[in-house]
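In our numbering, the protein residues as written are 773 to 1047. I have placed the structure first, in the form of structure tokens, so that the comments after it can refer back to it.
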Amino acid sequence: METYRFQPGETPVLISLPHVGTDLPLDIAAGMTDTAHQVPDTDWHLDRLYNFAPAFGVGFLAATQSRYVIDLNRDPAGHGLYRGRDNTELCPTTSFDEAEIYNEGCHPDGVEVRRRIGAYWQPYHRQLREELASLKERFGIAVLFDAHSINSTAPRFIESGLCDFNLVTADGTSASPHLSRRLANVLACTDAYSSKFDRESKGGYNTRHYGRPEDNIHVIQLEVSQATYMEETAPFRYRADRAALVRPVLERFVSALVEWSWENAEVRRQRVAYY
């Protein structure tokens, strides 16, 4: 059973897409509501939106299973991301709009949660840890770009709604401030889209857990409003016309990420000529 897709790159940068998956194993789907079968809280089409990144030499790690199976950006110990605020669980039981995910009596118990950790969470994070270690060994630096998207309203979490780009570095602790400022400037230098840097969110488990800039492992999270590239209601269609406008900004963002990683790598950049 394939629980993730991995494609190595040729730069110190890896893109992680922990919420892009839509698969629901049959045994889990059998206990879910009809609404949950639509997996509305997916980070829809992000693999398509960022499909230019391999040409920049960036590696990819993408989940195949829905976040309703298990959330790959949550602490496996079950600790919430924010004290005193609404949090979704490691194995979510309600959607972002607070609809029930499971039919009555079908919620995952402790035994089932532990099974899903072993079957889905651990393989993804094992590959993530191994690739970050490999990048660090090859280049002396590793940069993880944890890519996300979300419905532009998200009233459960932010009453006023989200801006177009939300850049997060766990209050400045997960990445070099030089990298963070460069990326924030890329997003701010466009009049067509709004952006915020380390404001409403501190980032998920991946940003907080893997970011160790003092050890030359840098992690940034970018949350893109789905209104910029797709229809936000079912069937959640990709809008090529909208994507064509936002993709140049994302290309500049990823390009800046790669350029900074090479500037701070301990090995000489390899330039390959294609004929």
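Each residue gets a CB set at the ideal place from its N, CA and C atoms; glycine is no exception.
### Query
In the structure shown, what three-state DSSP assignment does TYR854 receive?
Annotation note: pLDDT 48 at TYR854 (below 50); position unreliable, coordinate value reported separately. In this structure, TYR854 counts as coil in the three-state DSSP scheme.
### Query
Can you name, in chain order, every residue of its own chain whose Cβ lies under 6 angstroms from the Cβ of ASN988, other than the five neighbours on each side?
ILE913
#### Entry: Under 8 angstroms between C-beta atoms of PHE911 and ILE787
no
### Query
Taking Cβ to Cβ, would you say HIS920 is nearer than 8 angstroms to LEU951?
no
### Query
In three-state terms, what does DSSP make of PHE832?
strand
### Task
Closer than 8 angstroms by C-beta to MET804: which residues in its own chain qualify, once you throw out the five before and the five after it? Chain order, please.
LEU796, TYR840, ILE873, TYR874, ASN875 and CYS878
### Stretch-stretch touch, CB-based, cutoff 8 angstroms, three pairs: the segment 826–838 with the segment 958–965
no
### Message
Restricting to runs no shorter than 4 residues, where is the alpha helix (DSSP H) found entirely within the segment 916–1001?
### Response
949–960 and 977–982
#### Entry: Helix, strand or coil at GLN894 [DSSP, three-state]
helix
### Message
On a Cα-Cα basis, can you pick out the residue from GLY890, PHE824, CYS935 and THR775 that is closest to ALA834?
### Response
THR775
#### Entry: Euclidean distance between Cα positions of THR866 and THR860
8 angstroms
### Message
Beta-carbon within less than 6 angstroms of VAL1021's beta-carbon, same chain only, minus the 5 sequence neighbours each way: which residues are those?
### Response
Contacts found: THR962.
### Query
Just curious, the beta strand (DSSP E) that ARG888 is in, first and last residue?
No beta strand (DSSP E) holds ARG888; the alpha helix (DSSP H) holding it covers 882–888.
### Message
Measuring alpha carbon to alpha carbon, tell me which residue in ALA964, LEU934 and GLY983 is nearest PRO949.
### Response
GLY983
### Same chain, Cβ closer than 8 angstroms to LEU904, five either side skipped, listed in chain order
These residues qualify, in order along the chain: LEU786, ALA914, LEU916, TYR982 and ILE989.
### Query
Taking just the CA atoms, how far does HIS809 sit from ASP843?
16 angstroms
### Task
State the DSSP-derived secondary structure class of VAL1030, mapped to helix, strand or coil.
helix
### CB-CB length for GLY975 against SER997, believed under 8 angstroms
About 17 angstroms separates the two Cβ atoms, so there is no contact after all.
### Query
If you follow the alpha helix (DSSP H) that ARG820 is part of, which residue opens it and which one closes it?
818–821
### Sequence ranges, beta strand (DSSP E) only - wholly within the segment 779–816, length at least 3
Counting only runs of 3+ residues, the beta strand (DSSP E) found wholly inside the segment 779–816 occupies 785–789, in chain order.
### Query
In or out: GLN837 buried (at least 16 other Cβ within 10 Å) or exposed?
Looking at its Cβ environment, which holds 16 or more other Cβ atoms inside 10 Å, GLN837 is buried.
### Query
Looking only at DSSP bridge pairs, what is GLU872 linked to?
THR866
### Neighbourhood of TYR854 by C-beta distance below 6 angstroms, restricted to the same chain and skipping five residues each side
Low per-residue confidence applies at TYR854: pLDDT is 48, beneath 50, and the placement is therefore not dependable, though the value from the model is reported in the following sentence. Within the same chain, no residue comes within 6 angstroms of TYR854 by CB-CB distance, once the 5 residues on both sides are set aside.
### Task
Assign ALA1012 to buried or exposed, taking buried as 16 or more other Cβ atoms, counted over all protein chains shown, within 10 Å of its Cβ.
exposed
### Task
Measure the CB-CB distance between LEU934 and LEU955 and report whether it falls below 8 angstroms.
no
#### Entry: Burial state of ASP815, where buried means 16 or more other Cβ atoms lie within 10 Å
buried
### Task
Figure out for me which residue from GLU986, ILE922 and VAL883 has the closest Cα to the Cα of ASP869.
Minimum Cα distance to ASP869 is reached at ILE922.
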